[in-house]
Every structure is written in structure tokens, then in C-alpha cells.
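With positions in the sequence shown counted from 1, the corresponding number in our numbering is that position plus 86.
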Amino acid sequence: MNQDVLRGLPELFGCERRSDCDITFCLLASDESAPNADGSSASEAVFGPPLPAHSVVLDLASERFRTQLRIHLGSAAEVPAARAAIRFAYTGEVPADSSVRQVLELRRQGAYLQISGCVAACDEVLAAKVSGSSRAAVASSSNHAANGTNKRARTSEEAPQQPAVLELFESELLWPDPQAEPSFGAILATGKRLLVPHFGNSLAALNTPSLREQLLALPAVALEALLGSDDFGTDDEASVLLMLAEWMRTNHDKTEPAVRQRLCRTVRLAHLSRPYLSLILPALAADHEKDPEAPAGWFSGASIYETAFVTNFVSITQFERDWVLSVGKASARILEVLKARPRPQCSPPSGGLTFSWHIPKEDLLQAVKQLQPGSVQRVYGAFDDQPQHEWCVFIQVIGGQSTAGVFLDCDMPTALTSPGSRLSSEGTLASITTVPISARLKVHRRQGAADQQQQQDATGNTAGADPLAAWVEYLTDGKVSGTLTLLRPSP
Numbered sequence: 087m088n089q090d091v092l093r094g095l096p097e098l099f100g101c102e103r104r105s106d107c108d109i110t111f112c113l114l115a116s117d118e119s120a121p122n123a124d125g126s127s128a129s130e131a132v133f134g135p136p137l138p139a140h141s142v143v144l145d146l147a148s149e150r151f152r153t154q155l156r157i158h159l160g161s162a163a164e165v166p167a168a169r170a171a172i173r174f175a176y177t178g179e180v181p182a183d184s185s186v187r188q189v190l191e192l193r194r195q196g197a198y199l200q201i202s203g204c205v206a207a208c209d210e211v212l213a214a215k216v217s218g219s220s221r222a223a224v225a226s227s228s229n230h231a232a233n234g235t236n237k238r239a240r241t242s243e244e245a246p247q248q249p250a251v252l253e254l255f256e257s258e259l260l261w262p263d264p265q266a267e268p269s270f271g272a273i274l275a276t277g278k279r280l281l282v283p284h285f286g287n288s289l290a291a292l293n294t295p296s297l298r299e300q301l302l303a304l305p306a307v308a309l310e311a312l313l314g315s316d317d318f319g320t321d322d323e324a325s326v327l328l329m330l331a332e333w334m335r336t337n338h339d340k341t342e343p344a345v346r347q348r349l350c351r352t353v354r355l356a357h358l359s360r361p362y363l364s365l366i367l368p369a370l371a372a373d374h375e376k377d378p379e380a381p382a383g384w385f386s387g388a389s390i391y392e393t394a395f396v397t398n399f400v401s402i403t404q405f406e407r408d409w410v411l412s413v414g415k416a417s418a419r420i421l422e423v424l425k426a427r428p429r430p431q432c433s434p435p436s437g438g439l440t441f442s443w444h445i446p447k448e449d450l451l452q453a454v455k456q457l458q459p460g461s462v463q464r465v466y467g468a469f470d471d472q473p474q475h476e477w478c479v480f481i482q483v484i485g486g487q488s489t490a491g492v493f494l495d496c497d498m499p500t501a502l503t504s505p506g507s508r509l510s511s512e513g514t515l516a517s518i519t520t521v522p523i524s525a526r527l528k529v530h531r532r533q534g535a536a537d538q539q540q541q542q543d544a545t546g547n548t549a550g551a552d553p554l555a556a557w558v559e560y561l562t563d564g565k566v567s568g569t570l571t572l573l574r575p576s577p
């Protein structure tokens, strides 16, 4: 074809030059009414001015335009995508700066207007954008704190740009039927696979602020793909259940019972830790049986009786487990739960995610001043950049003793204590159980600080006895500080 023609054709889009027709975008109401003098219906609402067009281009690009130039849309919000689809008829190009959502909108209008080649071009762009986010996801995952590199979790200021794979799932309402359109189904399958390298593992998703925010914004179909993947790693299956609980706390009112059940069944119950399996899980099941529609009754993955059966299965010998599985008299669903493989372990033996904690000097001083012989004072610390952490570090000092202890305590995760839940009451059995953890707790200490303090005391540089003199080796920049490193759970 003449190159001058090819170069000039895209310039005709929206141009009055050589235009021989106009395209009108309008909304057709459901009621029928008599046509106006120009042939339009009195019930039509027109969106914007007519678009100058060229019948020869439209006729070749779409069979639809051979019979009409009036385009009925669902709302004015669809006009930009409809214009983009007509532009494609002139240019054969999808705008390079289009977002994933804009490409999906263009794809929908291209299919609606029967623009030749538009759907295929959009799928090609979508595939490139989603696959391109694969490299970014892998690079991002390698920097996540919980990938075993012993780094801190990111702060929200370091949040990465929204990747294309998340845009794809956020635009679920624009998807065509993936079963009816295999080309889009392949894009969706790729997107589901890329969720795993993006989020990394359960520890990264829960403890990296930017990932946690993205997790809570996921639609159910994306969360189901993520938690259902055999490649999604965790330190313990309890972290996966906690991820789901956090998501449900934000999204319960947006889900139907069938969706909640599918999500709950992604949790591999037989691999939960002892406290979750023996105390948390039965309480959640009881909350569901009490009121399955209430936010507290979100867990529909197993009944109370089924949770007891799973708990018993985990406690018996391997020989007995093999016999139970071979008999096969349990329900197909429970047998599936019992046979599920453990997820990949995300915590290396040498240590994974590390958090920094601190206790202000003022808090320690106040506690020391209140000490009486034999009395006990606890001074609680805070984790840097992790205000929602469920674990807490505290220092315990006893009056009259020259030593102090540093301890790790935990609270019931907030996501599990919805109003009305058996886990929300103080004094519940689950809140007073012991919780196993593999971790390394450190307190920072300055060498030589004690000698310096003794020299100051000997030369009379102090006005009186310093209540914190015994802490001088541990006080730096006005605080006692240290780190908590999560290790691989003991088998």
C-alpha cells in the first residue's frame, strides 16, 4: 500500500477533512418513543459532540458501521474507550501509555463495535504488560524482608509502583469470559501465577506495609489464586489463615457465602500450628455455626466436628494416618484437607525477617523510680515502623536485684477478634495458651560505657546517684534497643 496513504490515514481520526459522516454516542432508555425529525429517539441522551468520521474507513474496519453510525453506550464513562476503539480503526494501534484498565475498556468497546483486530491487539498489549510485571515482581520479591535475606520490612514510603498484574485483577468487572475467550484466559492464568512472586510469601505479605495494603485490596478471585498456589511459601500455615482473616476483616461485606467458603478451603488445616489447630480453629468454626452471615462467622472451611477430626488426625502416628487415609470413609473434602502437602518453607534456618525494637529512656527511668524491694515493673517496647505488630518486647525489672530480663509476648491477632467472636472476650482459653515461636531476641550493648561511667563517678562529675547507672551500657541515643529475628519453626 502507498506509504503516504498509510501515514495519512491515522491523521484523519476525528478530523473534519474529507469527513462524510458523524458518529454519535448516546444512551438509549428502555422505553420506546417516537423518533425525532433527525431519526433519533426522543429518549436518547447524547454524550458530547458528534465525532467526524469517514465511511470508507469504518466500513472496512467494522461490519457494525455498515448499518448505523449511532453508538449506544451504558454511560458517559464509556465514551473515551469507544472513541479509542474508533481511533484503532484508523491507526491499528493501542496507545502506548494506556493502563491495564484502559486497555481492557478498549478491548470491550472494540468487541462491542466489532472493530477488526482490536481485541487481538489489546490481548497482545495486556500479555506484554502482565508478563513485564513478572520481572518487576521477581526483583521486588528478592528485596522483601521475608525472603530469608534477614532484612527489615519496607516502610510505606518505599512502596513500589502498582504492577500490571494487580491492575489486571482490580479490573475484574471488565474481564470477558475467560472460558469463551482462550486468549484472555491465558493472560489471566499468567496473572494468577505472577501473584506469588509479587507477594513473595505470607511473612512478606503480612509484614511489608505496601504489600499488606495491596493484599487487602485484592479481589476474591486473586486471593483464591494466591492462597491456593502450591508455590506460595509460609513459615507456618497459621500465617496463611491470618492473611485470610485480615482480608475478611476488610472485605467480608463484599463477599458471598460461596466465595468465603472457597477462600477458607485454601487453608491447609492439617498443617496449622498447635495453638491454631487446637484452640483458634474450633472457635472460628463455632462462630460460623452460630451465625454464618456475621463478620465473626466468616470461617466456613470446616465444621466444629471436622476441626476435631483434623486435630485428632494430626496427633496420631504416621502409621495410623496412613490407615485413616487408606480407609477413605471421611468426606471427600476432609480427605482432601488431610492429604494436602505443606507449603514451601520461607524461613531459612539462619534467620529471616528482622524487626528493630526500642524502649525510650524516659519509660525505663519511670519504671526504675517506682521500684520497691521485691516489686516487679514491666517496660514495654515498640517495633520500628510496625505499629500493628501482634508481638511485643518488654523488659522486666525487680526491685533489689542487679539483673533484668527481656521477654517476648504476643496478643491475640486483631483480625481474629471480631465483635461477637468467642476469641474477642478477655480471658478466653485461646488468649492464655502458650505460643511456640522460633526467634532470636537481641539487646544492643555498648562496650566500654560502664568504664566511662565509673570514671565519671570517681571524679565527682555526677550530682547524685543515677537511677539508670546500671543501664549505661544499654542506653544509646536515649533508648534501649535491639532486634527480633524470626527463625524457621522447629519441626
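Quick reminder that beta carbons are idealized off the backbone N, C-alpha and C, glycines included.
C-alpha of L144 to C-alpha of E179: approximately 15 angstroms in a straight line. The shortest CA-to-CA distance from A163 to any of L328, G134, L494 and S185 is the one to G134. Contact check for L146 against I109 fails: the beta carbons are separated by 8 angstroms or more.
Burial check for S386: the Cβ neighbour count within 10 Å reaches 16 or more, so the residue is buried.
The DSSP-derived three-state label of T276 is helix.
Assignment of beta-bridge partners to Q431 by DSSP yields T320.
Counting every other CB atom within 10 Å of its CB across the protein chains shown gives D183 a total below 16, marking it as exposed. DSSP places W443 inside the beta strand (DSSP E), whose first and last residues are T440 to P446. In the DSSP assignment, A490 falls within the unbroken beta strand (DSSP E) covering A490 to C496. With fewer than 16 other CB atoms across the displayed protein chains lying within 10 angstroms of its CB, V132 is exposed. Residue I523 holds the alpha-carbon nearest to the alpha-carbon of L572 among I523, V558 and E392. Rounded to the nearest angstrom, the gap between the Cα atoms of G564 and G438 is 28 angstroms. Per DSSP, the continuous alpha helix (DSSP H) segment holding S296 begins and ends at P295 to A303. P283 places its beta carbon 8 angstroms or farther from that of L274. In this structure, the beta-carbon distance from S389 to A416 does not fall below 8 angstroms.
Under DSSP, Y466 takes part in a beta bridge, and its partners are F480. Your pair S296 and S325 does not check out as a contact, with CB atoms roughly 18 angstroms apart and the cut at 8 angstroms.
The distance from the Cβ of K215 to that of A250 is about 4 angstroms, consistent with a contact at the 8 angstroms cut-off.
Going by C-alpha positions, L95 is about 50 angstroms away from T336. A residue is called buried when at least 16 other Cβ atoms come within 10 angstroms of its Cβ; P268 does not meet this threshold and is exposed. DSSP, read as helix, strand or coil, puts I201 in coil. Put simply, the backbone Cα of P181 is about 38 angstroms away from that of E332.
Three or more Cβ pairs drawn from the region 479–489 and the region 453–467 lie within less than 8 angstroms of each other, which places the two stretches in contact. Taking the Cα positions, L494 is about 44 angstroms away from V413. Look at A139 here: in three-state DSSP terms it is strand. In the DSSP assignment, A306 is bridged to no other residue.
Contact annotation, A213 with L192: C-beta distance approximately 15 angstroms; criterion of less than 8 angstroms not satisfied. In this structure V462 is exposed. Its beta-carbon is surrounded by fewer than 16 other beta-carbon atoms within 10 angstroms.
Taking the Cα of L450 as reference, the smallest distance to any Cα among F270, S202 and G467 is reached at G467. Judged by pairs of C-beta atoms under 8 angstroms, the region 388–404 touches the region 420–431, as three or more such pairs exist. Judged by DSSP in its simplified three-state form, F111 adopts strand. Between the C-alpha atoms of F285 and N293 there is a straight-line separation of about 11 angstroms.
A306 is the residue among G203, A306, A206 and V345 whose C-alpha sits nearest the C-alpha of L252. Counted as a single uninterrupted DSSP element, the stretch harbouring L367 is not any beta strand (DSSP E) but the alpha helix (DSSP H) occupying residues L367 to K376. From the listed residues A139, R93 and L98, the smallest Cα separation to D106 is found for A139. Non-local beta-carbon contacts of D470 in its own chain, meaning distances under 6 angstroms to residues more than five positions away in sequence, involve S442 in chain order.
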